[in-house]
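Novice: Here it is: the structure, laid out below.
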Amino acid sequence: MYAAAHSVQVVEHLPKTKGEGFVLSQTKPAAKKVIAISGGKGGIGKTVLSAAMGIALAEKGKKVTVIDADISGPNLHLAFGLCPPPLTIREFFENRRMDLNQLLIDTFVPNLTLLAGAQDSLKICNMSFHLKQKFMANLRRLEAEYILLDLGAGTAYNQLDFFNMADMGIVVVIPDPLSVQDGYNFIRLSLYRRLTRVFRFVPDIQNIFQQTFNLINCGKNPTIKSISQQVQDLGEVYYQEWKKTIENFKLSLLVNRVKTSADFLECLALQIATQHLLDIDLKYIHFIHQDENIRRSVVQLRPDLLMPENGVAAKDIRHVVSEMILDEKETETKIKRGGEPENYIKPPKETFFCSYRCRHWNVGSCEFQNGGHPCPIPHVDENFRFY
Ligand SMILES: Nc1ncnc2c1ncn2[C@@H]1O[C@H](COP(=O)(O)OP(=O)(O)OP(=O)(O)O)[C@@H](O)[C@H]1O
Ligand SMILES: [Mg+2]
């Protein structure tokens, strides 16, 4: 109803060019140059997988830089067997004219450089949005073909913003309900942060967010579809922008430390929750086996053990890199699984399920088990919400 009056405002204020807002929400990036690795929870393998995927890309002859963007506990250098380097990301934030190329450190892998992280700087802990954009713009000027950003745990603005600014987002989870929940929260808040940034100058949409918050306080659980409907009622210009912002929020899931097929399936609850509550299709879902080589590599400071030629996890990681990152022909397939864990049980075709550990699973009230109905999604809603 306000479409005509507000369309000018939208056109004026919505970010249109690189650097003004989240680039992803407006344009389709030409290449997956900057890849952010996150997952909400700590200790799930973000750092070792960032290092390992960097190595796998470099093995394929790509020029790669891995960046330690974990402000609370930078340790990516350890995955490469390096002592804390004297030059870190801090130099850039303290002296913004610093050329990032001067901060890169060679690793034991040809073609792979590291930008080490720094923890003791208030400037980094509380970065302005503008400074983050500046950092991102500088990253894009690095010579590397692929830049992997190891983000720290948590859902602070730094993690959400870097995740949103990257060309590709990978969410890591492990088969543990706490990690699945944290992974979902990370996705939810990233999307919400993205929407609030894009529509930050549109009071009507800010009001909708506020009303949604009030609903939550009254014990309701609105989904993004119901909110989208309200945006549509405001006018087609807003709605198109809203839809585009959500559609461009593409991310992939890496299920790490998988031992059994049930482990892998456990994490697919995220697929249901993000689809149903956030309207997001996870683009790829892959798994990485639990592998003693990875633990030994960390414990013994032996980076050479991270990606041995025949390592179980190393094989998974090489597969992930060629499917998820290097595969140029993006098919329409919504979920592309990277092989199958041992004893993998295929879920019945076209059937949704939430979790083997769902409280309905073994007590006879699971509709999925009782006759193959699609799982009643509301069981998922008990644990996941939009806002
Ligand atoms: N696939 C795997 N197989 C065996 N062990 C693994 C695997 N992935 C990770 N680990 C173990 O998990 C530990 C934590 O990994 P890592 O430091 O990469 O987690 P993180 O998510 O980066 O943690 P933080 O949030 O603290 O930065 C590693 O030291 C390693 O021993
Ligand atoms: Mg880490």
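In this note's numbering, the protein residues as written are 3 to 389. Note that beta-carbon positions come from the ideal geometry of N, C-alpha and C, so glycine has one too.
When you compare the stretch 312-327 with the stretch 287-303, are there three or more beta-carbon pairs, one atom per stretch, that lie closer than 8 Å?
Specialist: Counting Cβ pairs under 8 Å, three or more are found: they touch.
Novice: Look up K285 in the DSSP assignment and say whether it is helix, strand or coil.
Specialist: Position 283 of the sequence shown, counted from the first residue, corresponds to residue 285. K285: strand per DSSP, three-state reduction.
Novice: Taking only three categories from DSSP, how would you classify S40?
Specialist: Indexing the sequence shown from 1 puts residue 40 at position 38. Residue state, collapsed to three classes: strand.
Novice: Please state the DSSP three-state secondary structure of A168.
Specialist: Residue 168 sits at position 166 when you count from the first residue of the sequence shown. A168 falls in the coil class under three-state DSSP.
Novice: Which word fits A146, buried or exposed, when buried means at least 16 other C-beta atoms lie within 10 angstroms of its C-beta?
Specialist: Translated into positions along the sequence shown, residue 146 becomes position 144. With 16 or more Cβ atoms within 10 Å of its Cβ, A146 is classed as buried.
Novice: Name the two residues that bound the continuous alpha helix (DSSP H) containing N209.
Specialist: Locating residue 209 in the sequence shown gives position 207, where the first residue counts as 1. That run of the alpha helix (DSSP H) goes P205 to N219.
Novice: Would you grab the beta carbon distance between G171 and G75 for me? Rounded to a whole angstrom, and I think it's under 8 Å.
Specialist: In the sequence shown, counting from the first residue as 1, residue 171 sits at position 169. In the sequence shown, counting from the first residue as 1, residue 75 sits at position 73. That pair is no contact at about 21 Å.
Novice: With H, G and I counted as helix, E and B as strand and the rest as coil, what does DSSP make of K348?
Specialist: Locating residue 348 in the sequence shown gives position 346, where the first residue counts as 1. Residue placement at K348 is flagged as unreliable, the pLDDT there being 46, under the threshold of 50; a coordinate-derived value is accordingly withheld.
Novice: For D318, report the span of its alpha helix (DSSP H) as first-last.
Specialist: As a first step, residue 318 must be located in the sequence shown, where it is residue number 316. Start and end: V314 to V322.
Novice: Check the C-beta distance from S52 over to D178 and give it rounded, since I have them as a contact under 8 Å.
Specialist: Here the question's residue 52 lines up with position 50 in the sequence shown. Here the question's residue 178 lines up with position 176 in the sequence shown. Contact flag wrong, Cβ pair sits at about 20 Å.
Novice: Give every residue of the same chain whose Cβ lies closer than 7 Å to the Cβ of I229, excluding the five residues on either side of it in the sequence, and list them in chain order.
Specialist: Along the sequence shown, one-based indexing puts residue 229 at 227. Closer than 7 Å at Cβ, skipping near neighbours: I210 and T214.
Novice: Note down, in chain order, each residue of its chain lying with its Cβ closer than 6 Å to the Cβ of S123, except the 5 sequence neighbours on either side.
Specialist: The residue labelled residue 123 in the question sits at position 121 within the sequence shown. Around S123: R92.
Novice: D70 by DSSP, collapsed to three states: which one?
Specialist: The residue given as residue 70 occupies position 68 in the sequence shown. D70 falls in the strand class under three-state DSSP.
Novice: Going by DSSP, what residue range makes up the alpha helix (DSSP H) through T115?
Specialist: Taking the first residue of the sequence shown as position 1, residue 115 is located at position 113. Segment L114 to L117 is the beta strand (DSSP E) holding T115; no alpha helix (DSSP H) there.
Novice: Could I get the ranges of all uninterrupted alpha helix (DSSP H) runs contained in the stretch 49-95, with 4 residues as the minimum, in chain order?
Specialist: Those alpha helix (DSSP H) runs which fall completely within the stretch 49-95 and span 4+ residues are 78-81.
Novice: Have a look at L141, L59 and F110 and flag the residue whose alpha-carbon is nearest the alpha-carbon of I69.
Specialist: The sequence position of residue 69 within the sequence shown is 67, counting from 1. For the residues L141, L59 and F110, the minimum Cα distance to I69 belongs to L141.
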